[in-house]
Each structure stands twice: as C-alpha cells, then as structure tokens.
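Notes follow once the structure below has been shown.
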Amino acid sequence: MTTLSYFFAQNAEPNTEMPFVVSLRFKDEKGEPVAWTLRSMSEVENEQCRKSATKQVKGKGGVVTPEIDFNEYTAKLIVASVVYPDLKNAELQQSYGVMGAEALLRKMLLPGEYTGLLQQVQTLNGFNQDMNELVNEVKN
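FYI, the UniProt record's numbering numbers position 19 of the sequence shown as 19, with every residue one higher than the one before it.
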C-alpha cells in the first residue's frame, strides 16, 4: 500500500457511533438509564450546521456581516450527532409541547445534562483534541 493510499476513502475509518447516558431520568422497563446513541459527523455536516446558525447582521454604514448564533450552532451540532432518540420524531416533540429538534433538546434536558451532551458530542467530533497531544501520540 502506498503512503498516499492510507488517505483513500475506502481506507478511512467510518463515522464512530457510541452510547452515552445523557440523563438518569430516562429509564427503561427495568429502571436502568437509557443510553442515547451518538455519532461523529463529517466537516460537510458541521459546515451545514454552522451556515444554518449564521445570520446576516447590518452594522454601521449599512455593512452586512455574517454572525454565528453560538447557541443555535451548538444545538444543531447536537441534533446532527444524536442518532437515538430520534429528536425529529413528531410524537416525541408533541409529548414536550414543542416543534423542532433543537427546541426539544432544550425542553427535555436539564442544563447540566445539555452541557454534558454537548461536551460528549464535541469530543466525539474531535473538537476537544489538542493537536500537540496528537503529535506526541504519533511520535510515540
């Protein structure tokens, strides 16, 4: 295998899926916490999340600049990474009296649970990796 072939699409590891217990409040029939299923995403998906959370803001002199709503961006990032439960399910949204996956997350989770889920999603998607640590791992 040539060194360039390491980077071919067929040789790349697929997106990662992992279980994560977001809250102890959601339990199965046995009273055990139900794990959510999270997945990693591509930069293309991340870019879509970022673009959909970007608004054009008019500044001084009528100059329009793009501005990212960080809270909206992180909510979209979470929604794109959650496989289970299906946050886009209308019945689940109706049970909380909301419309939209982002609104559902905000309604169904406590602030600490939301933050924990966001941290896990960021880690799964490589946002918390220190490049110096990665370089040292490769060297060793």
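Ideal placement from N, C-alpha and C gives every residue a C-beta, glycine not left out.
Q: Mind checking which residues open and close the beta strand (DSSP E) that includes K58?
A: Position 58 of the sequence shown, counted from the first residue, corresponds to residue 58. K58 -> beta strand (DSSP E) spans 54-58.
Along the chain, where does the beta strand (DSSP E) containing Y84 start, and where does it finish? Reading the sequence shown from its first residue, position 84 is the one you call residue 84. Looking at the DSSP string, the run of the beta strand (DSSP E) that includes Y84 is 82-84.
#### Entry: Burial state of I78, where buried means 16 or more other Cβ atoms lie within 10 Å
Within the sequence shown, residue 78 is the residue found at index 78, counting from 1. By the neighbour-count rule (16 or more Cβ atoms within 10 Å), I78 is buried.
To which residues does DSSP link T65 through a beta bridge?
For the purposes of this step, residue 65 is identified with residue 65 of the sequence shown, where counting begins at 1. In the DSSP output, where bridge partners are listed per residue, T65 has V57.
Using beta-carbon positions only, say whether Y84 and T37 come within less than 8 Å of one another.
Mapped onto the sequence shown, residue 84 falls at position 84. Mapped onto the sequence shown, residue 37 falls at position 37. Yes, they are a contact pair.
Quiz item: Between Y114 and L104, which are expected to be in contact by the criterion C-beta below 8 Å, what is the C-beta distance as a whole number of angstroms?
Solution: By one-based count along the sequence shown, residue 114 stands at place 114. By one-based count along the sequence shown, residue 104 stands at place 104. Actually they are not in contact, since the Cβ atoms of Y114 and L104 sit about 11 Å apart, beyond 8 Å.
**Message:** Using a 10 Å radius around the Cβ and a threshold of 16 neighbouring Cβ atoms, would you call V121 buried or exposed?
**Reply:** Within the sequence shown, numbered from 1, the residue matching residue 121 stands at position 121. Buried, by the Cβ-count rule.
Where the alpha helix (DSSP H) containing P111 begins and where it ends: In the sequence shown, counting from the first residue as 1, residue 111 sits at position 111. Looking at the DSSP string, the run of the alpha helix (DSSP H) that includes P111 is 111-124.
Point to revise | Span of the alpha helix (DSSP H) around L105 | key: The residue you call residue 105 lines up with position 105 of the sequence shown. First-last of the alpha helix (DSSP H) with L105: 101-108.
Exposure of Q119, with buried meaning 16 or more beta-carbon neighbours within 10 Å = The residue labelled residue 119 in the question sits at position 119 within the sequence shown. Exposed, because fewer than 16 other Cβ atoms sit within 10 Å of the Cβ of Q119.
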